[in-house]
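Heads up: the structure comes next, in structure tokens.
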């Protein structure tokens, strides 16, 4: 089971890296930001819905049914890939691709301060989100005494802020530019999290204060991730797949 789960993870990693590369092959700038926002919608909703869906399947059909469901999804994805998704990379651009050229591209990207900076901003943001994701049940249920149903509502509200603002990235970048959006969003997110830390460290242990700050903070984060992803890959169209893979690793 562990071995096959490992293979499953290898396959799933392509599903995270390839869509960003496809977006870069086809679009740049604000058009890319709009499509990246849609990707963020899928990438964000999936981790939220997956545990809920899995629990329903296990409760009604047993744990083995989870793997049959995943298999069915993989078959459907394969059919869609074969029938609906066309290659976006020109043939001449794919010539000479090899493991060696990929390593060369990774080395080049690791020396690009602009790419590393933007990818790291997104990486730190996602890391903080997963800290909240992994500890929220202990804090909200064990510490504040919320029921599981109320906890789900609380968690969903923050997810709505993150997903909702991510969908505005394209519109805001079209009006103000990608880099100004990133600057405001990063400063806003960092400021909100610092204020939250200062409030909690001062002994103010109030759920409503934490709820408001988290809602605002993860709204800013919803702008950060797609905008930094587009900017990081903007100058690397020739190695979009490698750039997307490395950015996914940093995230």
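In our numbering, the protein residues as written are 566 to 816. Glycine residues also receive a C-beta, built at the ideal position from the N, C-alpha and C atoms.
Taking DSSP as the reference, what is the three-state secondary structure of residue i?
i           : result
residue 599 : helix
residue 807 : helix
residue 620 : helix
residue 654 : coil
residue 815 : helix
residue 747 : helix
residue 729 : helix
residue 663 : coil
residue 767 : coil
Using the beta-carbon count (16 or more within 10 Å), is residue i buried or exposed?
i           : result
residue 679 : exposed
residue 744 : exposed
residue 708 : exposed
residue 711 : buried
residue 728 : buried
residue 789 : buried
residue 630 : exposed
residue 605 : buried
residue 814 : exposed
The alpha helix (DSSP H) that contains residue i, what's its start and end?
i           : result
residue 573 : 567-591
residue 786 : 772-798
residue 640 : 629-649
residue 735 : 734-741
Give a yes or no on whether the minimum CB-CB distance between residue i and chain B is below 8 Å.
i           : result
residue 725 : In the displayed structure, chain B is absent; only one protein chain is listed.
**Request:** Would you list, in sequence order, the uninterrupted alpha helix (DSSP H) runs of no fewer than 4 residues that lie entirely inside the stretch 667-722?
**Result:** Along the length of the stretch 667-722, whole alpha helix (DSSP H) runs at least 4 residues long occupy 678-702, reported in chain order.
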